[in-house]
Amino acid sequence: MKKKESPLFGIDNPLYSQNISSPRSQELLPIYSNENEHEQPMDEALKEKRNIFERNNFRALKDGQKQESSEEDLYLSSVSDNRFDQESVKSRTNSLIRHQRSVSIQKNQKGIFSPLQKVNTGLIIDSTYNLQVQGVKSSSKIDKYQSFVQQFELEEDKMRKNKELIQQKRIAEQIKGKLDLMNVWAAKGFIIIRLVSRFIQQLKTKTETIKFRLLTRKIFSVIGDVSSNFEFILISRQIKQQPSLFLILKYNFQKRATRLLHCLENCQDFLSRNIIVIRPDSKFKIIWDILLLLFIVMNIFYIPINISFNISTSGVFEYLFDLLPSWIFVAEIIINFNTAYYDKGLMHEDRKSIVKHYLKDNFFWDLIVVIPFLMSNLDIPFVRYTLLLRLTRLAPLMESIEEMLNLEENIQIVVDLLKLIFFLVLTGHFCGCAWHFVALTEYESFGITDNWLTHYDRQAFDYHWFDRYIISLYWSVITTVTVGYGDIVPVTTFERIFVIIVTLLLCGVFGYSISNIGNIFKQMSDKKTIYKFKLRQIHSHIRKRGLNLNLSLKVKKYFEYFFQLEQEEDSHAEIFISQLTKHLREEVLTDLYCNTLKKSRFLRENFKEITINNLCQYVKEKKVLPEEVLYSRFDQPRKVWFILSGALEFVADHKSNLNI
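Each residue of the sequence shown is one higher than the one before, starting from 1 at the first, in full-length UniProt numbering.
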């Protein structure tokens, strides 16, 4: 059988030779066969080749790899589209030859290719020296290629079917496993849950942490671990048992109190390094207490009027009645944290003791007095009513001032009388303001236009606040002293209830005040009664004995002076001093007599201060009556006399007197 030429072309051997600069390699002369009996199979083979090339390229791109293509694959892919386009075939052949030339140049540099070789598969290049295509693809080559393609497709289909079968089998196994698990849970789900929960519970109870969380107060007391605190463990939620609300509040309060105490201790340390301790009997403390008392009195009169009559203050009045007293009370707390105190007859000046004593004693009440000032900017309803708690500081402050001033007995009686009068006025002031507040609340809050104030005068609410205050105070005083005149009477039921309560209260207050006032006047007259009784006895005795007029008058005057000294004499003072401790008694005697002894030039210039202080322990006081002789001319000097008060007369020769 004669071998027919295929429409492929050959490439001259010099293309792969070492001489790449030959001009013969620049020409390409394609030769086409005149016979067409193998053209149809050839076209199909080219298409199959191109399809395989595209599938491989697509698979490589899909797998993220780059498909390597030979020159023959690129050439057959282009030829299959334009099989009979000679111009395109020529141009693509030239490009292929140029591509092959570049490849051959690169490969020849590495010394790999020989002048005659077979490139990849399917393309045979004959070795001729003429620039003509001399080799063609035979029909046997095409048949072999077609069988290769068919075999490749069969293997590919087989592999795809195997993969599908494996995937279907895997899905079926997964579905079967899920169905089996669902059947198990449907049949024994609750049993599984119960067993798992029991296992988890048993596993938890085996651990030391869970065992500790299951502790109770009873178990804790049985253990008896004194180094642990059950309440702290309960509050910190280290055990399963929940703490009570009272325990939580108690713990939080103690925690905040501890923090506050810590801050106060820090302040105490700062004060101890920079500020001295204030003694309770110092002049500064006495003046400060008097100033504080004046502001408290001013506040307890101003606050009820402000609440009941809605007085709007501004400028100086606002600063004087609102701001300044509040700042004074804040400063009082700071001063009290730095003021020494007496306990069991001894003064304590340790700052830590001062802080603890003040926190236990008056800090709570002082803080309540300051709270309204601190909360005044929050617009909280009824907060201004708490300002009345400043009244609680009045009585202790007055007692402290009286104790520090150490007033005489006659002056103290007058002070007690003034205190009772002030108490009556203050009670009337509070009752009058409360009486007006009842009418104002009924009128503004409940819309009751017929009350005691409008019954007194329909236009009473248009009066100035001071006129309404006088009307209310008039009712309060009249109700306190008498049963009233009937010109101001309660109208509503609430007013009647208020009048009943106030009347009972004022009866007790008025009776207590009158009783104390009577006791004060009785105390003032008791001494005069005793004095007059003794003088009457003296007069009676002189008259019975028949003394002359001059001598009896002299005796009367002497006893008058003697009784006066007796009343003024502190006969129990030495007894009280002797009952003091040794150290305290030495301090008292030194303070009483040291300055007097230092006035003596002889002692001051010849003895040390410690000697003078020791001499103070042996001083004895004596009251000398008129014309009593202390020392005569021939008496032995056994004592040293110091005049505390009064005067002595030195008689030299019964003719000249010298006052000392």
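Here a beta-carbon is modelled for each residue, glycine too, at the ideal position from N, C-alpha and C. Treat the numbers as computed from the prediction; the structure is a model and nothing was measured.
N-terminal and C-terminal residue of the alpha helix (DSSP H) that residue i is part of
i           : result
F295        : 283 to 309
Q537        : 493 to 545
V222        : 217 to 223
L397        : 394 to 405
residue 664 : Here the chain comprises residues numbered 1 to 660, so residue 664 is not present and cannot be evaluated.
V330        : 324 to 336
Y593        : 582 to 598
L234        : 230 to 235
For residue i, three-class secondary structure by DSSP
i           : result
H464        : coil
L553        : helix
I448        : coil
N613        : helix
I278        : strand
F607        : coil
I470        : helix
K620        : coil
W641        : coil
S197        : helix
Y558        : helix
I478        : helix
F634        : coil
D487        : coil
residue 677 : Because residue 677 is not part of the residues shown, which for the chain are 1 to 660, the question remains open.
D366        : helix
G428        : helix
S578        : helix
R601        : helix
Start and end residues, beta strand (DSSP E) containing residue i
i           : result
E649        : 649 to 651
residue 670 : No answer is possible for residue 670: it lies beyond the span of the chain, which begins at 1 and ends at 660.
L346        : 346 to 348
Cut-off 8 Å between Cβ atoms - residues of its own chain near residue i, not counting five sequence neighbours on either side
i    : result
D487 : Y456
D289 : L397, S400, I401, M404
G111 : Per-residue confidence for G111 stands at a pLDDT of 41, beneath the threshold of 50, marking its modelled position as unreliable; the derived number appears in the next sentence. Hits under 8 Å: none found.
Y561 : L625, P626
I577 : R585, V588, L589
L394 : L293, I296, V297, I300
L644 : T596, E621
K178 : none
Cβ distance (whole Å) where residue i is taken to contact residue j below 8 Å
i    : j    : result
L615 : L597 : 6 Å
E495 : W452 : 6 Å
L234 : L247 : 7 Å
D450 : I520 : So it is not a contact: roughly 45 Å between Cβ atoms.
F212 : F220 : So it is not a contact: roughly 11 Å between Cβ atoms.
V414 : F498 : Wrong, their Cβ atoms sit about 36 Å apart, outside the cutoff.
I335 : I278 : 7 Å
E48  : V149 : 5 Å
P304 : F430 : 6 Å
T492 : E444 : Their Cβ separation, rounded to whole angstroms, is 14 Å, which puts T492 and E444 out of contact at 8 Å.
Neighbourhood of residue i by C-beta, 7 Å cutoff - its chain only, sequence neighbours within 5 removed
i    : result
Y485 : I478
G646 : none
V369 : F329, L389, R390, R393
Q241 : T216, L234
Chain-order list of residues whose beta-carbon lies under 6 Å from that of residue i (same chain, five-residue window excluded)
i    : result
H262 : none
S552 : I542
N548 : none
I52  : none
Three CB pairs or more closer than 8 Å across the region 412 to 427 and the region 315 to 333: No: the two stretches stay apart, fewer than three of their Cβ pairs being nearer than 8 Å.
Contact between the region 348 to 357 and the region 301 to 314 (3+ Cβ pairs under 8 Å): These segments do not touch.
Touching by the beta-carbon criterion (3+ pairs, under 8 Å), the region 467 to 480 and the region 503 to 517: Yes, the region 467 to 480 is in contact with the region 503 to 517.
Segment contact flag, the region 342 to 351 with the region 287 to 300, C-beta cutoff 8 Å, min 3 pairs: Taking a contact to require three or more Cβ pairs closer than 8 Å, the region 342 to 351 and the region 287 to 300 do not qualify as touching.
Stretch pair the region 465 to 477 + the region 428 to 443: three plus CB contacts closer than 8 Å: The region 465 to 477 is in contact with the region 428 to 443.
Touch test, the region 577 to 594 against the region 606 to 623, Cβ-Cβ under 8 Å, three pairs minimum: Enough Cβ pairs lie closer than 8 Å, so yes.
The region 598 to 610 / the region 524 to 541 touching (three or more Cβ pairs under 8 Å): The region 598 to 610 makes no contact with the region 524 to 541, as fewer than three CB pairs between them are under 8 Å.
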